[in-house]
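Reviewing the structure listed below.
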Amino acid sequence: MKQEPKNDLRYVKTERLIQETFREMLRDMDYAQITIKELTGRAMINRKTFYLHYSSLDELLAALQTEIYAKILESTSGLCLPHDLGKIIRKMFLFIEHTDPISQKILDSQGNYPYEKSPASHTNQMLFHHYGPDNPLFKYSPLERKIINIYVDGSISNIYSQWVADGKKIPIERMITLTTQLIAHGLSALKPAAAFPAMSDTESSGGGD
């Protein structure tokens, strides 16, 4: 089959159809349940047509994630880690909070590719791209910065996901503050009395009937 140029109107319409069908399927099922066979059936195209656009469902997912992350990056333009950590967390939380449910599900879906090649990894590398002498990260090696990158990204993603799973019962402003404190200072940012309530004399001694 002759491949159409990517700026060809038919090519663009078909790609949009594939992406829209994929998003519609996510309304009813999780990413792991979607197959190329069912997607092409719903879109009424053949598998060869799908493969002209994407080599796999993972590539399709990554393309959609990249589009969303590009908007997140745009919202954090001019900000840089670690100086602007609090501002970046605020921008990310508020952006994701106000995006549509399907886009949130796309971000939460995990494709079969290593983290270092994922859209999320690329996004966080862009946030870490200022390594001038005045940046505390400048003294770390590329491999060490990679670890720092994973720590920040994993922390924000996992905290946000848990907040969503718990029904967003904690006010978002409190979540932004708590997330910033934890990532910037770890458990040392927590007040001992609030984090670890004092035990009674009976509890501390292990006694009591």
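For what it's worth, the working numbering labels the leading residue of the sequence shown as 486, then goes sequentially.
The beta-carbon is built from N, C-alpha and C at its ideal position, and this holds for glycine as well.
This structure is a prediction, so every number in the text was calculated from the model and none was measured.
Problem set entry | Beta-carbon proximity of residue 554 to residue 608, cut-off 7 Å | Cβ distance < 7 Å, so residue 554 and residue 608 count as in contact.
Exercise. Quick one: what's got a C-beta closer than 6 Å to residue 644's C-beta in the same chain, skipping five residues either side?
Worked result: Excluding sequence neighbours, residue 644 sits near 664.
For this session: Pull up the CB-CB distance for residue 524 and residue 510, whole angstroms please, since I reckon it's below 8 Å.
Result: Indeed, because the Cβ distance is near 6 Å, the residues count as touching under 8 Å.
For this session: Let me know the secondary structure DSSP gives residue 529 once reduced to three states.
Result: The three-state secondary structure of residue 529, taken from DSSP, is coil.
For this session: Report yes if the C-beta distance between residue 535 and residue 519 is below 7 Å; otherwise report no.
Result: Cβ distance not < 7 Å, so residue 535 and residue 519 don't count as in contact.
Exercise. Does the Cβ of residue 577 have 16 or more other Cβ atoms within 10 Å, making it buried, or fewer, making it exposed?
Worked result: Answer is buried; the Cβ neighbour count reaches 16.
Exercise. Are at least three pairs of beta-carbons, each pair with one atom in the stretch 582-596 and one in the stretch 564-571, less than 8 Å apart?
Worked result: Contact between the stretch 582-596 and the stretch 564-571 is absent, with fewer than three C-beta pairs closer than 8 Å.
Problem set entry | N-terminal and C-terminal residue of the alpha helix (DSSP H) that residue 551 is part of | Per DSSP, the continuous alpha helix (DSSP H) segment holding residue 551 begins and ends at 542-560.
For this session: Tell me the start and end of each unbroken alpha helix (DSSP H) in the stretch 620-668 that is at least 4 residues and wholly inside, in chain order.
Result: Scanning the stretch 620-668 for uninterrupted alpha helix (DSSP H) segments of 4 residues or longer gives 627-650, listed from N- to C-terminal end.
Exercise. Helix or strand or just coil, what does DSSP make of residue 494?
Worked result: DSSP places residue 494 in helix when its eight states are reduced to three.
For this session: Give the range of the alpha helix (DSSP H) segment to which residue 676 is assigned.
Result: No alpha helix (DSSP H) holds residue 676; DSSP gives it neither H nor E.
Problem set entry | For residue 504 and residue 549, believed in contact at Cβ under 8 Å, the rounded distance | That belief holds up - the Cβ atoms of residue 549 and residue 504 are roughly 6 Å apart, short of 8 Å.
For this session: Report, in whole angstroms, the separation of the C-beta atoms of residue 657 and residue 582, which I expect to be a contact under 8 Å.
Result: Taking C-beta atoms under 8 Å as the contact rule, residue 657 and residue 582 qualify, at a distance of about 6 Å.
For this session: Determine the burial state of residue 661: buried for a count of at least 16 other Cβ atoms within 10 Å of its Cβ, exposed for fewer.
Result: It counts as buried.
Exercise. DSSP three-state call for residue 564: helix, strand or coil?
Worked result: If DSSP states are grouped into helix, strand and coil, residue 564 belongs with coil.
For this session: Rounded to whole angstroms, what's the CA-CA distance from residue 634 to residue 506? Just pull it up for me.
Result: So the alpha carbons of these two residues sit roughly 33 Å apart.
Exercise. Quick one: is residue 486 buried, meaning 16 or more other Cβ sit within 10 Å of its Cβ, or exposed?
Worked result: Note that residue 486 scores a pLDDT of 44, beneath 50, so its modelled location is shaky; the value from the coordinates is reported in the next line. With fewer than 16 other Cβ atoms within 10 Å, it is exposed.
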